[in-house]
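Participant: Chains as they are written, first to last, in this note's numbering: chain V, 7 to 101; chain F, 16 to 515; chain G, 463 to 956.
Here it is: the structure, laid out below.
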Ligand SMILES: [Mg+2]
Ligand SMILES: [Zn+2]
């Protein structure tokens, strides 16, 4: 499987990374080079293998249903590029 | 068991069309804290106050799963006789939006916690057994809610409030088993009832605790499934039905005018009563789900599931059957009293005042569905807020049963109870509303009535039976309604029956 | 007596204990070293006040006769991947420029609780993606080392913990934190002749450490020697209820357990690690390592890890996939950079911000990760990679049937010159060929400096152990350290 220019544009768009035409042209061989290399994994017969989900055998811990956090609006908003009236502000979204 | 509503059809230019409906209901799990953070879930707080650094997706923040969310999802699954998956996992659903700080929603795609189950619905409240249908549930999974975007506070900016962000939801996905707006509404109503019985969701649609993604497609009756559209976040029973009606008609129109239905996400506009395409979400359809590496697989033990099962209350279907079969209620009363858990609880508290509930169940049920419901309706109160307690109601019903007051006086007493909060016996005593059952006193009044109406007595005895009511009325009136009507009847029959 | 700046953790500890110097003197010494080393570009933010405050607390505690913490009086360098409360944290990326965390990562907080102070935030490969520290948005870190050819080619300190490697080897900080996703502690440690330790996945909390690839990221110490690493890891590690993958286990007393007698231990030599084009000097050093371990009493066995060659490609699917998702939060809404072109909508703002904020290598990996997770490719790439990861992990389990530890080189080459490999991502990725398999399996591993190549540059040997058996890894590392007698240090030219 190799990617073409359209695919690279689609990936960039899904990734929300703006790319110019020139960057796209450069990315096509770059990504194909890497993808071509990782595709050697296809050689491995994994028909009887489960994909790994936990590196070290460990059980998911659950926490109690108690309110132990929140009420830290100043901390939440402290780094906001734009905050207004206690909200984060973003360019107007039209749905 | 065929259902009248299965014949819901859209009349198109090319003939009849059938509608196929599936619902994805998002139900907020009733918890104190969020799914993966310790921030509160309380409704209506100041913006961004119920937000932890985890909810705001600060760099390096990590999710830790709330126990109660798992328990409630499992209990809900058990309540609809669903498969509980002892192994489940959380996946990330990746997309960019300002209400989604992580850039992904933690959900369960590949291994949901609850598998297939089913829900019995009924279209006819009056005769629920005759018009039932089983709707399949495909799965229930746990996921995070998103934040909220406000568009009307600033001319060029939208505001982001993350208070809801990370609140726990169950997504309950039905099979495409519904074929009419009414069935869809009945399904949501029943699902809501079950969730409230279980206590896993408060079912409050106005506050967004329950909302549905409505999947609609149309086909020629019995034909192959058409392409569906998904209308997101519909938040009332009425809107759900409107969406289905509108979408079905729109799809028929599109197909019949030579067009094709595109699988897409749509939005309902209640003001215009129409759905429209959400183009903004179109290119985000590749969600790149993969298992969340910040969380391990969730594994449940048999004992845990057993304990969840044991903690379930009697559910609406079982309860309805018991009311009918053991308590001897009418099918209608049984259905009405079990639809809401609070009503059933209230009713059962009333029954608990006696050793032999079967004896009073029917009269109590009648009284509840007519008198109490009527009063609460008038006052705009829910049953939990009823000014009259189940124990007070039992006292009132007891006074009717033992003949202390008549049904008519009871209505009067009940009104006073609602106003004052006083007990029935006290009111009867103070207002002198006690019913007269002393035959001597009643006989004396009957004699007076007969003396004053000799002509009517003659007519009655001449065969004009209808006049009996007149004598009852006169006697009761003379006794200011306090005479025991049964005794009055008996004595009048006896006295009038005697030859003059 | 050695100068203060030449001391590591244990040396500082005993000096303070015996009253040879105060913690304050130590802090002042290293603060001066940091500020004199600007030309290495290893420190992004200097935090002398933090180091001084911790030192004063240590001196006070000592005067009051209190028991001192394990890191008391030791000022350390902090990789800029750890969020530090009130101190700018960037992960080496423009996209976090101006970000000041309102919280302290668990690892840094544990170290501070143990008495450590912080000298500064250390430069690194952007979001820990890189093996040479050339992907930092704030310029390359220059290794304190120079080739012995008399030239002055700037060398890479390795990566991604390049700043940490540079300050410890240059005796600018006595120790530093690192993080290791596919080799980011061990490879730079090997490049600069210091010791670096990656613990079992789950030993160190990831809470407050900026994520690269969640299923692989582990923090660990970078220090002068094995003992210092053991002391420091004891302070960094520990169960953290805020990290669901944190191991709920007590922290062993690794320092107290140090023992270089390896009698009864079996050391496996994985034959698949004899890669093509390995410089003969590295092969020779590996042979020496075998002899040293034999000398320490260990038995050497040949083992096979048949899926080794697939570890790197699997890693370069899994790590970018996780990263593409982990880095989605950098969107210009809540913190960091925002680029809002005229008339841009929300989605345009995301694309512009991320275009301007992320460096080329980060973008490349995000795009690879996005692609391998996308509809139609997920199973062929991501699921297949996770299956291969299972096989790699099983290879190790199999090997543990015949041995207790593995000995391998740390990196396939000595440090290279800055710019020499930066045009070829694949060539750069190959740097991690020996470190990635154990990362994929979550195993503990150490890199110990063991010799110099012909150009006078350090080379390291790696010991890999069973999950949770850090002690054996430390012990074998100590056996190597004692026998290698590595004392070379970079000449101070900066
Ligand atoms: Mg949906
Ligand atoms: Zn959902």
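Here a beta-carbon is modelled for each residue, glycine too, at the ideal position from N, C-alpha and C.
(1) Residues near ligand 2, CB to any non-hydrogen atom under 6 Å, in chain order?
(2) Below 6 Å CB to CB, which residues in the same chain sit around residue 783 (chain G) once its five sequence neighbours on both sides are set aside?
(3) According to the neighbour-count rule (16 or more other Cβ atoms, all chains shown, within 10 Å of its Cβ), is residue 7 (chain V) buried or exposed?
(4) Using DSSP's beta-bridge definition, name the partner residues of residue 193 (chain F).
(5) Do you know offhand how far residue 499 (chain F)'s Cα is from residue 477 (chain F)'s?
(6) Roughly how many angstroms lie between the CA atoms of residue 17 (chain F) and residue 403 (chain F), to the nearest whole one?
(7) Of all Cβ atoms in chain G, is any one closer than 9 Å to the Cβ of residue 303 (chain F)?
(8) Assuming contact is defined by CB atoms lying nearer than 9 Å, are residue 649 (chain G) and residue 820 (chain G) in contact in what I supplied?
(9) List the residues of chain V that residue 260 (chain F) touches, going by C-beta distances under 8 Å, in chain order.
(10) Can you tell me whether residue 894 (chain G) is helix, strand or coil according to DSSP?
(11) Is there a C-beta anywhere in chain F that falls below 9 Å from the one on residue 484 (chain G)?
(12) What residue from G:684, G:903, G:674 and G:798 has the CA that sits closest to residue 89 (chain V)'s CA?
(13) Kindly list the residues whose CB is nearer than 8 Å to the CB of residue 474 (chain F), restricted to its own chain and excluding five residues on each side of it in sequence; keep chain order.
(14) In the DSSP assignment, what residue or residues form a beta bridge with residue 96 (chain V)?
(15) For the region 705 to 767 of chain G, which segments carrying the beta strand (DSSP E) assignment without a break, of at least 3 residues, lie completely within its bounds, in sequence order?
(16) Run the CB neighbour count on residue 19 (chain F), radius 10 Å, all protein chains shown included, and call it buried at 16 or more, exposed below.
(17) Would you mind reading off the limits of the alpha helix (DSSP H) that contains residue 854 (chain G)?
(18) Whose C-beta lies closer than 7 Å to the C-beta of residue 292 (chain F) among residues of the same chain, with five residues either side of it excluded?
(19) Using the DSSP secondary-structure output, state which residues sit across from residue 777 (chain G) in a beta bridge.
(20) Quick one: what does DSSP say residue 379 (chain F) is sitting in, helix, strand or coil?
(21) Considering only DSSP beta bridges, list what residue 256 (chain F) is partnered with.
(22) Pick out the complete beta strand (DSSP E) segments inside the region 21 to 91 of chain F, 3 residues or longer, and give them in chain order.
(23) When you compare each of F:61, F:113, F:152 and F:49 to residue 158 (chain F) by their alpha carbons, which one comes out closest?
(24) Does the structure place the region 671 to 687 of chain G close enough to the region 542 to 558 of chain G that three or more beta carbon pairs sit under 8 Å?
(25) Taking buried to mean at least 16 other C-beta atoms within 10 Å of its own C-beta, is residue 102 (chain F) buried or exposed?
(26) Using a Cβ-Cβ cut-off of less than 8 Å, give me the residues of the region 52 to 74 of chain V that come near chain F, in sequence order.
(27) Suppose you measure from the CA of residue 741 (chain G) to the CA of residue 915 (chain G); what does that come to, to the nearest Å?
(28) Which residues bound the beta strand (DSSP E) around residue 474 (chain F)?
(29) Closer than 8 Å by beta-carbon distance: list the chain F residues that pair up with residue 90 (chain V), in chain order.
(30) Does residue 703 (chain G) get closer than 9 Å to chain V when you measure Cβ to Cβ?
(31) Go through the region 473 to 510 of chain G residue by residue and report every complete run of the alpha helix (DSSP H) that reaches 4 residues or more, in order.
(32) Please classify residue 99 (chain F): does DSSP put it in a helix, a strand, or coil?
(33) Could you check the C-alpha separation between residue 132 (chain F) and residue 149 (chain F) for me, to the nearest Å?
(34) Could you name the residues of chain F that residue 98 (chain V) contacts, counting a contact when the two beta carbons are closer than 7 Å?
(35) What does residue 820 (chain G) reach in chain V if we use C-beta pairs closer than 9 Å?
Facilitator: On the basis of the supplied data:
(1) F:41, F:158 and F:186
(2) 831, 834, 835 and 844
(3) exposed
(4) F:36
(5) 27 Å
(6) Low per-residue confidence applies at residue 17 (chain F): pLDDT is 40, beneath 50, and the placement is therefore not dependable, though the value from the model is reported in the following sentence. C-alpha separation (whole angstroms): 42 Å.
(7) yes
(8) no
(9) Correct list: empty, because the minimum Cβ distance to chain V is about 23 Å.
(10) helix
(11) no
(12) G:798
(13) 482
(14) F:173
(15) 728 to 732 and 761 to 765
(16) Reliability of the predicted coordinates at residue 19 (chain F) is poor, the pLDDT of 47 falling under 50, and the value obtained from them is presented with this limitation in mind. Counting Cβ neighbours within 10 Å, residue 19 (chain F) comes out exposed, since fewer than 16 surround it.
(17) 846 to 861
(18) 279 and 281
(19) For residue 777 (chain G), which the question treats as bridged, DSSP gives no partner whatsoever.
(20) helix
(21) Answer is none; residue 256 (chain F) lacks a bridge partner.
(22) 25 to 27 and 30 to 43
(23) F:49
(24) yes
(25) exposed
(26) 59, 60, 64, 65, 66, 67, 68, 69, 70, 71, 72, 73 and 74
(27) 9 Å
(28) Taken as a continuous stretch (DSSP letters only), residue 474 (chain F) belongs to no beta strand (DSSP E), being part of the alpha helix (DSSP H) at 469 to 476.
(29) 169, 172 and 174
(30) yes
(31) 485 to 497
(32) strand
(33) 10 Å
(34) 166, 171, 172 and 173
(35) 23
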